[in-house]
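Everything below concerns the one structure shown next.
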Amino acid sequence: MILEPVTPFRPREYAVKVADQAWEQRAAAALRRRVFCQEQGLFQDHDRDALDQHATTLVALSYLAGGPDEVVGTVRIHNDRPGIWYGSRLAVAPGYRRDAHLGSALIRLAVGSAHARGCNAFFATVQAANQALFESLHWRTLRSLDLHGRPHVLMRADLAHYPPVHGGTLPLVAVGRRAS
Ligand SMILES: CC(C)(COP(=O)(O)OP(=O)(O)OC[C@H]1O[C@@H](n2cnc3c(N)ncnc32)[C@H](O)[C@@H]1OP(=O)(O)O)[C@@H](O)C(=O)NCCC(=O)NCCS
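Start counting the sequence shown at 400; every next residue gets the next number (this note's numbering).
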């Protein structure tokens, strides 16, 4: 008998939306902890801070059999002062990275929904390793800085590339695994 290599199952549909369900918020918090505490070691027990009290959490949900199944990505946005917004804690679950453009979709919803809520300028402090990703998505680097002992860059989104997204959700996206 010849055993063929088995490709791991990946859902083909995702929703990228504001986390408006308690389970989505809990799962987003757990994903952040896995990525920023366990994987990256940026924080010890948890990565929550004062911003979580008023930030909006966005999630990427995988769909299974037509219904939402799992939170596989997240980011949060907050309004710092009139017109000025920030994004932070962007994370996609390891098995879903560079696979279905979920990080890009989360960034699109983050900036687009802030734009719809009166944003004039959108910033993020980005890990230097992800600078190229943000540049390819029309973000400009303002300056370098050290944060949590790691190199970061303060970046600003070009709002001309981020039309306002109303309603807190991107249309359900059907995404196949990229051809390898
Ligand atoms: C950063 C992160 C959110 C990106 O998510 P993702 O779903 O893999 O990103 P996408 O698939 O949307 O990436 C879009 C494109 O950029 C590329 N890309 C992704 N990460 C990149 C990086 N760090 N540097 C350069 N290119 C990158 C992808 O390959 C893809 O290219 P393609 O269009 O040619 O296929 C994810 O890698 C992650 O969670 N990392 C760990 C946590 C982290 O670093 N968070 C960010 C803090 S600033």
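Note that CB positions come from ideal geometry on N, CA and C, so glycine has one too.
For clarity, every value in this text was computed on a predicted model and none was experimentally measured.
Close beta carbons around ILE483, own chain, < 6 Å, minus the five adjacent residues each side: ALA520
C-beta contact flag for GLY472 and TYR495 at 8 Å: yes
Taking only heavy atoms of ligand 1 into account, decide whether any of them is closer than 7 Å to the Cβ of GLY502. yes
Quick one: is TRP538 buried, meaning 16 or more other Cβ sit within 10 Å of its Cβ, or exposed? buried
So what's GLY502 in DSSP terms, helix, strand or just coil? helix
Kindly confirm or deny that the region 443-460 and the region 498-506 touch, where touching means at least three C-beta pairs closer than 8 Å. yes
Cα separation between VAL470 and LEU430? 8 Å
Assign ASN519 to one of three DSSP states: helix, strand, or coil. coil
On the DSSP bridge assignment, give the partners of VAL458 in chain order. LYS416, THR473
Between GLU438 and ARG432, what straight-line distance do the alpha-carbon atoms span, to the nearest angstrom? 9 Å
Could you check where the beta strand (DSSP E) with ARG539 kicks off and where it finishes? 538-546
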